[in-house]
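Below: one structure, written as structure tokens.
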Amino acid sequence: MTPAGPEYRWLLPSAVVAPELPGDRCDRSRPRRTVRDWVVDTLAFVCAAIIGLLAVDAMKTPGYSETVQAIDLLAGALACCTVWLRRRWPVGLASGLVVVTIAEPVASGALLVALFSLAVHRPLKPTVAVVGAAAVLSSVLQPVVRTDPHTGVLANAVTGTVMILLVMGWGMLVRARRQLVAALRERAVRAEEEAALRAEHAQRLAREAIAREMHDVLAHRLTLLSVHAGALEFRPDAPPAEVARAAGVIRDSAHEALQDLRQIIGVLRSPDEGAEDRPQPTLATLDALVAESREAGMKVTLDSRTGDPATVPAATGRNAYRIAQEALTNARKHAPGAEVTVTVTGRPGDGLTVEVRNPAPVGDVPEVPGSGQGLIGLTERATLAGGRLEHGPTPGGGFEVRAWLPWAS
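Going by this note's numbering, the sequence shown opens with residue 11, and the numbers climb by one from there.
Here it is as structure tokens:
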């Protein structure tokens, strides 16, 4: 079954307005008829009976005996009753009525209804075409076998042929319309499902972006808290000045972490309100990041060769800042005491390159818990920005993070 041309065996009249798709009825050999279906079937039976009575009335002549009339009425009644079975055996019923109609004109109404149902419920294949051709032939033979005293043979043959062609054409039109409605409804259902999947995918991407931003913002602050708290724990005999300095850094880092967390929560609550009041880091604030790291006891060397940092696009500068921030955080955790070099180079058209290197740490490095998602997030951030990021150990046992970001001229 394809959306372009589904083949539904049971295209009942209610299939046009039913809430369920005909394809959903595959678990039942016969769908349940609705009131609409019963009304249509009753009207079809009545039309077949009326046409049959008109045929009987047209054949009344002085030589029309009561016995022949009774046989015709009985045959017509049986033919009309078979109309109720036209959906179950459309081909067999139409074929049988084609043969009966040659000798019994009273079955013409039932034949027209059967041909209409055949065109609705079966595609135009050789079988249906053969039945239609046989019906046209029977309309030509009928006035020869049972001559109508009121009209000629030619007139009867032409009228019967035209009626058969009109009925079958009407049936094919109804079938095409019902198929179209069913296909459009199926497409609508699939479109709703795809829209739900797209919405779910968008929500997942939004959650990942929020998680990445929170990691980039808070990891730096919380690492400062961890480093200085650990220093106080392992050096309880430190001079009061160093203890006070470490406590001040812990307090300031906690305050900054809370401020960053409030900003992120504010973005989530009202993403369109007050956005201009929430400053975002750029390349110009990289000096402040380095100064903050130095205050925490790190040895950081900044080498910026971009001229005026304010000329760097805001999005590019923000990504460069986050990359440097995460690299400094990792160096502080995994190579404490090592000198870190941050190099920023680039110009419009050539792109912006950020390199963060640190040598191998001296002595034993305390185990610091980590999720390992920071560098993965940086790689994804650089890729989404149209750049690339590489990281790994250096030959001397150190570590290097190198990122390239596009800088439109």
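Heads up, the beta-carbon is just placed ideally off N, CA and C, and yes, glycines get one too.
Predicted model only: the values in this text are computed from it and were never measured.
Compare the C-alpha of residue i against each of the options and name the closest.
{"i": "Met308", "options": "Arg342, Arg332, Ala324 and Ser314", "result": "Arg342"}
{"i": "Gly327", "options": "Val350, Leu338 and Thr355", "result": "Thr355"}
{"i": "Ala167", "options": "Gly181, Val150, Val366 and Glu305", "result": "Val150"}
{"i": "Glu302", "options": "Val253, Leu338 and Pro323", "result": "Leu338"}
{"i": "Ala325", "options": "Arg245, Leu293, Leu183 and Ser118", "result": "Leu293"}
{"i": "Ser127", "options": "Ala143, Val110, Val141 and Arg96", "result": "Arg96"}
{"i": "Val228", "options": "Asp313, Ala345 and Arg272", "result": "Sequence check: residue 228 is Leu here, not Val. The shortest Cα separation from Leu228 among Asp313, Ala345 and Arg272 belongs to Arg272."}
{"i": "Gly240", "options": "Ala221, Leu207, Pro346 and Leu176", "result": "Pro346"}
{"i": "Ala144", "options": "Thr311, Val110, Leu164 and Thr363", "result": "Val110"}
{"i": "His344", "options": "Gly359, Pro371 and Ala320", "result": "Pro371"}
{"i": "Pro319", "options": "Cys91, Leu296 and Gly361", "result": "Leu296"}
{"i": "Ala165", "options": "Leu175, Pro153, Ile174 and Leu176", "result": "Pro153"}
{"i": "Ile386", "options": "Ser105, Thr161 and Ala413", "result": "Ala413"}
{"i": "Leu122", "options": "Gly384, Gly62 and Asp82", "result": "Gly62"}
{"i": "Ile112", "options": "Arg156, Pro291 and Glu203", "result": "Arg156"}
{"i": "Cys91", "options": "Val66, Ser105, Ile81 and Ala124", "result": "Ala124"}
{"i": "Thr351", "options": "Ala298, Gly373 and Glu410", "result": "Glu410"}
{"i": "Ser236", "options": "Leu399, Val259 and Gly359", "result": "Val259"}
Considering just the uninterrupted stretch of the beta strand (DSSP E) at residue i, what are its terminal residues?
{"i": "Pro291", "result": "From DSSP, Pro291 is part of no beta strand (DSSP E); its letter is neither H nor E."}
{"i": "Val155", "result": "Not the beta strand (DSSP E): Val155 falls in the alpha helix (DSSP H), residues Pro136 to Val155."}
{"i": "Val322", "result": "Neither: Val322 is in no beta strand (DSSP E) and is coded neither H nor E."}
{"i": "Val411", "result": "Phe409 to Leu415"}
{"i": "Val372", "result": "Neither: Val372 is in no beta strand (DSSP E) and is coded neither H nor E."}
{"i": "Val354", "result": "Glu349 to Arg357"}
{"i": "Leu95", "result": "Looking at the DSSP string, Leu95 is not in any beta strand (DSSP E), and its letter there is neither H nor E."}
{"i": "Gly406", "result": "Counting along the chain, Gly406 falls outside any beta strand (DSSP E), and DSSP gives it neither H nor E."}
Within 10 angstroms of its Cβ, does residue i collect 16 or more other Cβ (buried), or is it exposed?
{"i": "Ser39", "result": "Residue confidence is low: Ser39 scores 49 on pLDDT, short of 50, so the model does not pin down where it sits. No coordinate-derived value is stated."}
{"i": "Pro100", "result": "buried"}
{"i": "Trp417", "result": "buried"}
{"i": "Glu365", "result": "buried"}
{"i": "Val140", "result": "exposed"}
{"i": "Gly445", "result": "With the chain covering 11 to 419 only, the question about residue 445 has no answer from this structure."}
{"i": "Pro115", "result": "buried"}
{"i": "Ser263", "result": "buried"}
{"i": "Gly406", "result": "exposed"}
{"i": "Thr77", "result": "exposed"}
{"i": "Gly179", "result": "exposed"}
{"i": "Gln189", "result": "buried"}
{"i": "Gly181", "result": "buried"}
{"i": "Ser148", "result": "buried"}
{"i": "Arg367", "result": "buried"}
{"i": "Ala306", "result": "buried"}
{"i": "Arg261", "result": "exposed"}
{"i": "Ile60", "result": "exposed"}
{"i": "Glu336", "result": "buried"}
{"i": "Ala285", "result": "Confidence in Ala285 is poor, its pLDDT being 47 and thus under 50, which makes the residue's placement unreliable; the coordinate value appears in the next sentence. Exposed is the call here."}
{"i": "Leu215", "result": "exposed"}
{"i": "Val177", "result": "buried"}
{"i": "Leu399", "result": "buried"}
{"i": "Pro136", "result": "exposed"}
{"i": "Ser75", "result": "exposed"}
{"i": "Leu415", "result": "buried"}
{"i": "Asp82", "result": "buried"}
{"i": "His265", "result": "exposed"}
{"i": "Thr321", "result": "exposed"}
{"i": "Asp313", "result": "exposed"}
{"i": "His131", "result": "buried"}
{"i": "Thr393", "result": "exposed"}
Please report the Cβ distance between residue i and residue j, rounded to the nearest whole angstrom; I am assuming they are in contact, meaning their Cβ atoms lie under 8 Å.
{"i": "Asn329", "j": "Ala395", "result": "5 Å"}
{"i": "Val108", "j": "Phe55", "result": "Val108 to Phe55, Cβ: 19 Å. No contact."}
{"i": "Ala89", "j": "Ala129", "result": "Incorrect: roughly 18 Å between the Cβ atoms, too far for contact."}
{"i": "Ala256", "j": "Leu242", "result": "6 Å"}
{"i": "Pro369", "j": "Gly408", "result": "4 Å"}
{"i": "Leu388", "j": "Ile333", "result": "5 Å"}
{"i": "Glu349", "j": "Thr404", "result": "Wrong, their Cβ atoms sit about 13 Å apart, outside the cutoff."}
{"i": "Val138", "j": "Thr171", "result": "Rounded, the Cβ-Cβ distance is 17 Å, inconsistent with contact."}
{"i": "Tyr331", "j": "Pro291", "result": "4 Å"}
Looking at the unbroken alpha helix (DSSP H) that takes in residue i, where does it start and where does it end?
{"i": "Leu107", "result": "Pro100 to Ala113"}
{"i": "Thr389", "result": "Gly384 to Leu394"}
{"i": "Asp313", "result": "Run containing Asp313: none in the alpha helix (DSSP H); it sits in the beta strand (DSSP E), Lys309 to Arg315."}
{"i": "Gly86", "result": "Glu76 to Cys91"}
{"i": "Leu122", "result": "Ser118 to His131"}
Which residue or residues does DSSP assign as beta-bridge partners of residue i?
{"i": "Glu365", "result": "Thr353 and Arg412"}
{"i": "Leu399", "result": "Ala413"}
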